[in-house]
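K.L.:
Take a look at this one; I'll ask things after.
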Ligand SMILES: CC(C)(COP(=O)(O)OP(=O)(O)OC[C@H]1O[C@@H](n2cnc3c(N)ncnc32)[C@H](O)[C@@H]1OP(=O)(O)O)[C@@H](O)C(=O)NCCC(=O)NCCS
């Protein structure tokens, strides 16, 4: 009844299918900083029914799998990814709650960290995205 399927033509986007319908999805990207989660979403009509939990459990299992596979094909000097991370809007309480439930913590305030130092030096007013980066160990 519930299954996860890789999106056709993509090697990193996964769909959550319930009774043959697309209910949500998530994207996993293996990069130098770890494994990044993106496009975490559950369609409106299906929210609040536990699908977000399923999606997050799937994403974390998949991230562990990606880590193990990357170790298998790498040499002795390889440093495997040691964290899962993502960006979230600061007012997105539902998503932040979900991420906290699965052990994510705020690691980085993009609004502060991404202001170029020369702009700070000139005391210019800059509009920055209201995002937090959150992460958890893998
Ligand atoms: C965030 C999102 C994925 C959660 O999916 P969901 O199917 O509604 O979540 P679930 O019903 O499985 O609930 C899982 C957890 O999410 C959190 N949560 C869900 N709905 C919530 C709400 N209305 N208020 C606060 N926390 C909420 C809770 O931690 C909940 O666990 P709990 O029931 O034990 O308290 C979904 O709301 C969504 O797709 N939002 C729009 C897209 C989005 O914001 N994506 C994140 C981008 S970073």
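In this note's numbering, the protein residues as written are 4 to 141.
The beta-carbon is built from N, C-alpha and C at its ideal position, and this holds for glycine as well.
Quick caveat, the model's predicted, so the values are computed rather than measured.
Rank 35, 10, 18, 28 by C-alpha distance to the C-alpha of residue 82 and give the top, closest one.
P.N.:
35
K.L.:
Any idea if residue 133 is buried or exposed, counting beta-carbon neighbours within 10 angstroms, 16 or more meaning buried?
P.N.:
exposed
K.L.:
At which residues does the alpha helix (DSSP H) containing residue 4 begin and terminate?
P.N.:
Neither: residue 4 is in no alpha helix (DSSP H) and is coded neither H nor E.
K.L.:
Which residues share a DSSP beta bridge with residue 61?
P.N.:
Residue 61 is not bridged by DSSP to any residue.
K.L.:
Using DSSP bridges, identify the partner residues of residue 112.
P.N.:
135
K.L.:
Can you give the beta carbon distance from residue 1 to residue 44, rounded, assuming they're within the 8 Å contact cut?
P.N.:
The first residue shown for the chain is 4 and the last is 141, placing residue 1 beyond what the model contains.
K.L.:
Can you give, in chain order, each stretch of the beta strand (DSSP E) that sits fully within the region 30-86 and has at least 3 residues?
P.N.:
37-45
K.L.:
Using CA atoms only, rank isn't needed, just tell me which of 50, 51, 62 is closest to residue 18.
P.N.:
62
K.L.:
Look up residue 100 in the DSSP assignment and say whether it is helix, strand or coil.
P.N.:
helix
K.L.:
How many Å lie between residue 88 and residue 47 at the Cα?
P.N.:
Taking C-alpha positions only, residue 88 is separated from residue 47 by approximately 24 Å.
K.L.:
Cβ of residue 86 within 7 Å of Cβ of residue 37?
P.N.:
yes
K.L.:
Should residue 1 and residue 55 be called a contact, given that it needs their Cβ atoms to be closer than 7 Å?
P.N.:
Since the first residue of the chain shown is 4 and the last is 141, residue 1 is not available in this structure.
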